[in-house]
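In the working numbering, the protein residues as written are 21 to 495.
Shown next, in structure tokens, is the structure this report addresses.
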Ligand code: ADP
């Protein structure tokens, strides 16, 4: 059994089986679920290691993070295969994600070496001001299943780089990646207790992290419902919180777009990673002049997508992650039909030689933005195409959503692209590019209901993972 990692030791727990969504007969491993006492022990260990890690040299922090990054990169094929086997994205996507996690650790290794403050002249005579940054303390990190290596990496790496200690609770569906990452971290030279892994239920392990007064900040990615719960707990304890939640990302296609490119962007944005990305485009808003031609081409391209076992070389779309998510996708497809949208293709489970949760990517056309399929995050391979009269209406529809993570436009008009960049209500804007697929060295995050708290990734991560001290020195 693969165990939890607490205070530098591997600790037992209740056995939990992890299965492959491409082939449920494939048992990936048995993992130990932590209980409340184990989680509390992890928090105590993280608190105990805080002083030592906060005062470690920046060379030591660099070495630890660089070691983790190097090993992830060296083992990207092996760990990428584990990721695809466990989560269901294709092998190319799995390997790519592990490489990205490796780059994230290496990027934050270098961040540890950056200046951590500035000297500012005082407005008063005889004084000097220093603005410095310090670690926050113990960070509770709670992550979802859809990026089981990259999301933990982009939270754990900056937390450690800036001298914090960590208790990491991964999603129940992906303990294999979490454990593999923890195993590498366990050999990285960190002091015992500076990093802890507690696998298990959100309601037990996660909730304990939210409520424990020794946890100084919470970083969460997941559903809006749980995010609200995390925010409530953080507000109650008055600790900093960073939330990344849902999206209902629009992609606008204008009459002057390169149609082939637009269809490519739509297919990638809506269906790659089985549509299970918070940056996936689920609303494709197309102006009238190209609406019919775009829909034809999109349906044709969607029907050509090869759905299958995540590890098969020719698979383009892997399975849905688990039966519960498949049921949710199918429920929304029914809702779309009953609301009057036209299901142009896909939307039904498909059989493959292995027993997995396969779903044919679905395209709804003639949608109205007020429909539930256009308002609520489905988190599956389901795209809704919405007609718009012109650019102004398309922009209004794009912004008419409670979310604001990523927003895309396909156009050859510089004027419209520039206007969209300024007026899209989103944290990330994509011009003639898919809504999903981001760099690791620049900020990631959204506005409105998609995000709360400081931005993740890039230099922006420092804002959340440090606290500022202003010192006045009379000299
Ligand atoms: P998803 O739809 O991605 O599963 P969730 O918000 O349910 O979204 O899960 C994201 C993470 O939040 C997971 O690690 C999950 O275990 C955790 N989680 C779920 N419920 C709670 C809770 N009450 N308190 C803390 N964490 C939770």
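The beta carbon of each residue, even a glycine, is placed where N, CA and C say it ideally should be.
- Tell me which same chain residues have a C-beta within less than 8 Å of the C-beta of residue 288, skipping the five on either side of it? Numbered from 1 along the chain shown, position 268 holds the residue referred to as residue 288. Excluding residues up to 5 positions away in sequence, 454, 456, 457 lie with their Cβ nearer than 8 Å to the Cβ of residue 288 in the same chain.
- Starting from the N-terminal side, write out each stretch of the alpha helix (DSSP H) that is 4 residues or longer and does not extend beyond the stretch 68-105. Qualifying alpha helix (DSSP H) stretches, in chain order: 78-94.
- Sorted by chain position, which residues of the same chain lie with C-beta nearer than 6 Å to residue 323's C-beta, five sequence neighbours on each side aside? The residue given as residue 323 occupies position 303 in the chain shown. Sequence-distant Cβ neighbours of residue 323 in its own chain, meaning closer than 6 Å and more than five residues away, are 365.
- Item | Residue range of the alpha helix (DSSP H) that includes residue 353 | Position 333 of the chain shown, counted from the first residue, corresponds to residue 353. DSSP places residue 353 in the uninterrupted alpha helix (DSSP H) bounded by 343-359.
- Query: By how many angstroms is the C-alpha of residue 426 removed from the C-alpha of residue 299?
  - Reply: One-based indexing of the chain shown puts residue 299 at position 279. One-based indexing of the chain shown puts residue 426 at position 406. A straight-line Cα-Cα distance of about 6 Å links residue 299 and residue 426.
- Message: Between 429, 402, 127, 334, which has its C-alpha nearest residue 481's C-alpha?
- Response: By 1-based counting over the chain shown, the position of residue 481 is 461. Distance from the Cα of residue 481 is smallest, within the candidate group 429, 402, 127, 334, for 127.
- Is any heavy atom in ligand 1 found nearer than 7 Å to the beta carbon of residue 164? Position 144 of the chain shown, counted from the first residue, corresponds to residue 164. Short note on residue 164: C-beta closer than 7 Å to some heavy atom of ligand 1.
- Query: Looking only at its own chain, which residues have a Cβ that is under 6 Å from the Cβ of residue 296, when we skip the five neighbours before and after it?
  - Reply: Walking along the chain shown from the start, residue 296 turns up at place 276. 166, 399.
- Task: Please go through the same chain and pick out, in chain order, the residues whose beta-carbon is closer than 8 Å to the beta-carbon of residue 406, but skip the five residues on each side of it.
- Result: Residue mapping note: residue 406 aligns to position 386 of the chain shown, counting from 1. Answer for residue 406: 303, 304, 305, 306, 387, 388, 389, 394, 417, listed in chain order.
- Message: On the CB-based measure, 16 or more other CB atoms within 10 Å of its CB, does residue 256 come out buried or exposed?
- Response: Within the chain shown, numbered from 1, the residue matching residue 256 stands at position 236. Flag for residue 256 reads exposed.
- Message: Given this structure, state the Cα-to-Cα distance separating residue 130 from residue 363, to the nearest angstrom.
- Response: As a first step, residue 130 is located in the chain shown; it is residue number 110 there, counting from the start. As a first step, residue 363 is located in the chain shown; it is residue number 343 there, counting from the start. When rounded, the distance between both Cα atoms is 49 Å.
- Message: In this structure, how does DSSP classify residue 167 when only helix, strand and coil are distinguished?
- Response: Counting from 1 along the chain shown, the entry for residue 167 is found at position 147. Reduced to three states, the DSSP call for residue 167 is coil.
- Taking C-beta to C-beta, are residue 340 and residue 331 nearer than 8 Å? Counting from one through the chain shown, the residue named residue 340 turns up at place 320. Counting from one through the chain shown, the residue named residue 331 turns up at place 311. No. Outside cutoff.
- As assigned by DSSP and simplified to three states, the class of residue 178: For the purposes of this step, residue 178 is taken as the residue at position 158 of the chain shown. DSSP places residue 178 in helix when its eight states are reduced to three.
- Consider the C-beta atom of residue 249 and the heavy atoms of ligand 1; say whether any pair is separated by less than 7 Å. On the chain shown, position 229 is the one that residue 249 refers to. Indeed, a heavy atom of ligand 1 lies less than 7 Å from the Cβ.
- Message: Does the structure place the stretch 236-248 close enough to the stretch 86-94 that three or more beta carbon pairs sit under 8 Å?
- Response: Cβ pair count under 8 Å is below three, so no.
- Query: Can you find at least 3 beta carbon pairs, one from the stretch 21-37 and one from the stretch 54-62, that sit closer than 8 Å?
  - Reply: Touching, per the Cβ criterion.
- Message: Can you list, in chain order, the residues of its chain with a C-beta nearer than 8 Å to that of residue 149? Leave out the 5 residues immediately preceding and following it.
- Response: Against the chain shown, residue 149 aligns to sequence position 129. Taking C-beta separations shorter than 8 Å and ignoring five residues to either side along the sequence, the partners of residue 149 in its chain run 139, 140, 141, 142, 490, 491, 492, 493, following chain order.
- Is residue 41 near ligand 1, judged by its Cβ being under 7 Å from some heavy atom? Your numbering for residue 41 matches position 21 in the chain shown. Taking non-hydrogen atoms of ligand 1 into account, the C-beta of residue 41 is found less than 7 Å away from none of them.
- Every unbroken beta strand (DSSP E) inside the stretch 256-288 [3 residues or more]: Secondary structure in the stretch 256-288: the beta strand (DSSP E) runs of 3 residues or longer, each lying completely within the stretch, are 261-264, 269-273 in chain order.
- Task: Take residue 46 and list the residues in its own chain whose beta-carbon comes closer than 6 Å to its own, dropping the five residues that flank it on each side.
- Result: To locate residue 46, count along the chain shown from 1; it is residue 26. Only 40 meet the Cβ criterion.
- Message: Please return the same chain residues whose Cβ sits closer than 7 Å to the Cβ of residue 263, not counting the five positions on each side in sequence.
- Response: For the purposes of this step, residue 263 is identified with residue 243 of the chain shown, where counting begins at 1. Closer than 7 Å at Cβ, skipping near neighbours: 240, 247, 250, 251, 471, 472, 473.
- Using DSSP bridges, identify the partner residues of residue 365. Numbered from its first residue, the chain shown carries residue 365 at position 345. Under DSSP, residue 365 forms a beta bridge with 383.
- Message: Buried or exposed, going by whether 16 or more other CB atoms sit within 10 Å of the CB of residue 258?
- Response: Within the chain shown, the letter at position 238 stands for residue 258. Counting other Cβ atoms within 10 Å of its Cβ, residue 258 stays below 16 and is therefore classed as exposed.
- For the putative contact between residue 213 and residue 66, defined by C-beta atoms under 8 Å, what is the C-beta separation to the nearest angstrom? To locate residue 213, count along the chain shown from 1; it is residue 193. To locate residue 66, count along the chain shown from 1; it is residue 46. Going by Cβ atoms, the distance from residue 213 to residue 66 rounds to 6 Å, so yes, they are a contact pair.
- Message: With distance defined between alpha-carbon atoms, name the residue in 487, 291, 226 nearest to residue 383.
- Response: Reading the chain shown from its first residue, position 363 is the one you call residue 383. Nearest to residue 383 by C-alpha distance, out of 487, 291, 226, is 291.
- Message: Below 7 Å, is the gap between the Cβ of residue 466 and the nearest heavy atom of ligand 1?
- Response: Stepping through the chain shown from its first residue, residue 466 is reached at position 446. No, ligand 1 has no heavy atom inside 7 Å of this Cβ.
- Task: Identify which residue in 153, 268, 201, 158 has its Cα closest to the Cα of residue 397.
- Result: Walking along the chain shown from the start, residue 397 turns up at place 377. Ranking the options by Cα distance to residue 397, first place goes to 268.
- Query: If we count the other Cβ atoms within 10 Å of its Cβ and call it buried at 16 or more, is residue 442 buried or exposed?
  - Reply: Residue mapping note: residue 442 aligns to position 422 of the chain shown, counting from 1. Exposed is the call here.
- Select from 293, 210, 197 the residue whose C-alpha is nearest the C-alpha of residue 72. Taking the chain shown and counting its residues from 1, one reaches residue 72 at position 52. Checked all of 293, 210, 197; the closest Cα to residue 72 is 210.
- Look up residue 199 in the DSSP assignment and give the residues it is bridged to. Sequence index remark: in the chain shown, residue 199 carries index 179 (1-based). DSSP lists no partner for residue 199.
- By a C-beta neighbour count over all protein chains shown, 10 Å radius and 16 as the cutoff for buried, is residue 145 buried or exposed? By 1-based counting over the chain shown, the position of residue 145 is 125. With fewer than 16 neighbouring CB atoms inside 10 Å of its own CB, residue 145 falls in the exposed class.
- Item | Reduced DSSP category for residue 307 - H, G, I as helix; E, B as strand; rest coil | Taking the chain shown and counting its residues from 1, the one referred to as residue 307 is at position 287. Per DSSP, reduced to three states, the secondary structure at residue 307 is strand.
- Kindly indicate which three-state DSSP category residue 388 falls into: helix, strand or coil? Locating residue 388 in the chain shown gives position 368, where the first residue counts as 1. Residue 388 carries a coil assignment under DSSP once its states are collapsed to helix, strand and coil.
- Message: Quick check: what's the CA-CA separation for residue 28 versus residue 223?
- Response: Taking the first residue of the chain shown as position 1, residue 28 is located at position 8. Taking the first residue of the chain shown as position 1, residue 223 is located at position 203. Residue 223 has its alpha-carbon roughly 25 Å from the corresponding atom of residue 28.
- Touching by the beta-carbon criterion (3+ pairs, under 8 Å), the stretch 347-361 and the stretch 114-128: Contact fails: fewer than three Cβ-Cβ distances are below 8 Å.
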